[in-house]
Amino acid sequence: MKQLNNKKKIIIAIAIIAIIAIGAVVFEGQYSKRKAANEFNDYLNTVEENAENYILGEYEEEFNTLIVNSQRAIDIKNEWLIGELQQELGALEAKIIEENQIELGKTLEELKAIDISKLGEDKTNEVSTGISEIEQLSEENKFNDANKIVIEVKENLEVQLAAIAETENQAEIKKEAERQAEIEKQNEINANLSKSKEITVDEAMNLVMKEDKAGLDWANENGAKLIYLPNCFPSSKDFGITEETYNAFVYDPGDSPAPYFVGKETGNVYKGPTNGPLYLDVIKDGKAIKRYIGKE
Numbered sequence: 008m009k010q011l012n013n014k015k016k017i018i019i020a021i022a023i024i025a026i027i028a029i030g031a032v033v034f035e036g037q038y039s040k041r042k043a044a045n046e047f048n049d050y051l052n053t054v055e056e057n058a059e060n061y062i063l064g065e066y067e068e069e070f071n072t073l074i075v076n077s078q079r080a081i082d083i084k085n086e087w088l089i090g091e092l093q094q095e096l097g098a099l100e101a102k103i104i105e106e107n108q109i110e111l112g113k114t115l116e117e118l119k120a121i122d123i124s125k126l127g128e129d130k131t132n133e134v135s136t137g138i139s140e141i142e143q144l145s146e147e148n149k150f151n152d153a154n155k156i157v158i159e160v161k162e163n164l165e166v167q168l169a170a171i172a173e174t175e176n177q178a179e180i181k182k183e184a185e186r187q188a189e190i191e192k193q194n195e196i197n198a199n200l201s202k203s204k205e206i207t208v209d210e211a212m213n214l215v216m217k218e219d220k221a222g223l224d225w226a227n228e229n230g231a232k233l234i235y236l237p238n239c240f241p242s243s244k245d246f247g248i249t250e251e252t253y254n255a256f257v258y259d260p261g262d263s264p265a266p267y268f269v270g271k272e273t274g275n276v277y278k279g280p281t282n283g284p285l286y287l288d289v290i291k292d293g294k295a296i297k298r299y300i301g302k303e
């Protein structure tokens, strides 16, 4: 009887130990799940906080889906699912950071390539400071903050460079207007000089020989010279010519030489007849380009 009671005690003790062991295992399992869920929840909060400064772009839908699934895994405390989702989130976050850095790097290169040499010292320093801030934020993976400064720097540059371009354009317009005014003034001076300056005898003689080369050739062959005839000129009214004053010439010696008259203001070379009807031909490059008939 005594032995039977001892056996019962042993069985009860074993049962109690088994129950305690099972309870410990269950407790350990629950503790592990809670710990994994809590740690993953902390990780998830950090990822979401960091993502506020990422430019998600084409990955936004995928990122949001992973966040929702991760929250469900935390709720059900599924350690295996938590592990899988953490790996996926980590890989996606790394990809987003890499692409954000590449795009921001391109933007920085574009900013640095803008010619700011025409800006004042203060504005140049502002641009340089902005670029330094963008670079620092890029290193900290704060891409949204960096992008805000990019937009600000670009907008300021556009305004400042546009103002400089407008100022230069107005200066160029003013310069061109002054240049045109100077040209017009000089043209007016030249016109007045042309009106007031009469062709000299020597200039008139050269015009005769230039415009009537046939006459010059004849003179050279016959030993004749072009001589000036003072106070000898036709009546403009008789020929219907607007010229008022002339320098007159004739080749001498010559048999009934044709007279030449050069308008003192226009430089027109007129050649009269050796005999016959009265007329005056306007001579140009050896040809009579116009004839004025005189009154008998």
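In this note's numbering, each residue carries its 1-based index in the sequence shown increased by 7.
The beta carbon of each residue, even a glycine, is placed where N, CA and C say it ideally should be.
Does the beta-carbon distance from residue i to residue j come in below 7 Å?
i, j, result
"I81", "F47", "yes"
"K125", "E218", "no"
"I156", "G127", "no"
"Y286", "K278", "no"
"P260", "A231", "yes"
"I62", "N107", "yes"
"I206", "K294", "no"
"L233", "Y258", "yes"
"A255", "C239", "yes"
"I104", "N132", "no"
"I317", "A43", "Only positions 8 to 303 of the chain appear in the structure, and residue 317 is not among them; the question remains open."
"D152", "N60", "yes"
"I300", "V289", "no"
CA-CA distance, residue i and residue j?
i, j, result
"E86", "L144", "35 Å"
"T273", "E165", "59 Å"
"Y235", "K192", "37 Å"
"A31", "Y50", "Residue placement at A31 is poorly supported in this model, since its pLDDT is 39, which falls under 50; the coordinates still yield a value, given next. Distance between the alpha carbons of A31 and Y50 is about 28 Å."
"I141", "R186", "47 Å"
"E146", "E189", "59 Å"
"S77", "E65", "20 Å"
"I121", "E162", "13 Å"
"E95", "K40", "20 Å"
"A170", "V160", "15 Å"
"P280", "A265", "5 Å"
"N275", "E183", "37 Å"
"D5", "N194", "Outside the shown range of the chain, which is 8 to 303, sits residue 5, and nothing can be said about it."
"N52", "L99", "16 Å"
"K204", "E210", "12 Å"
"N57", "G97", "12 Å"
"V134", "L118", "9 Å"
"I123", "A101", "35 Å"
"E175", "Q167", "12 Å"
"V75", "E173", "53 Å"
"P237", "N229", "24 Å"
"P241", "V208", "17 Å"
"F150", "E55", "14 Å"
"E250", "R298", "14 Å"
"E179", "S139", "36 Å"
"Y38", "E67", "34 Å"
"Q177", "N154", "34 Å"
"L5", "N45", "Because the chain in this structure spans residues 8 to 303, residue 5 falls outside the shown range and cannot be described."
"K181", "V269", "44 Å"
Under the DSSP definition of a beta bridge, which residues are partnered with residue i?
i, result
"A255", "L236, F268"
"Y38", "Beta-bridge pairing links Y38 to no other residue."
"A295", "I290"
"K278", "Y267, D288"
"I123", "Note: I123 sits in no beta bridge, so no partner."
"L300", "Reading the sequence as shown, one finds Ile at residue 300 and not Leu. I300 pairs with Y286."
task = Taking 8 Å as the threshold, find out whether the segment 212-222 comes into contact with the segment 245-253 through three or more Cβ pairs.
result = no
inquiry  = So, does the segment 107-119 touch the segment 69-76, judging by three or more C-beta pairs under 8 Å?
reply    = no
inquiry  = Runs of 4 residues minimum, wholly inside the segment 182-232: which ones carry the alpha helix (DSSP H) assignment?
reply    = 208-218, 220-229
inquiry  = Could you tell me which whole alpha helix (DSSP H) segments of length 4 or greater appear in the segment 44-96?
reply    = 67-83
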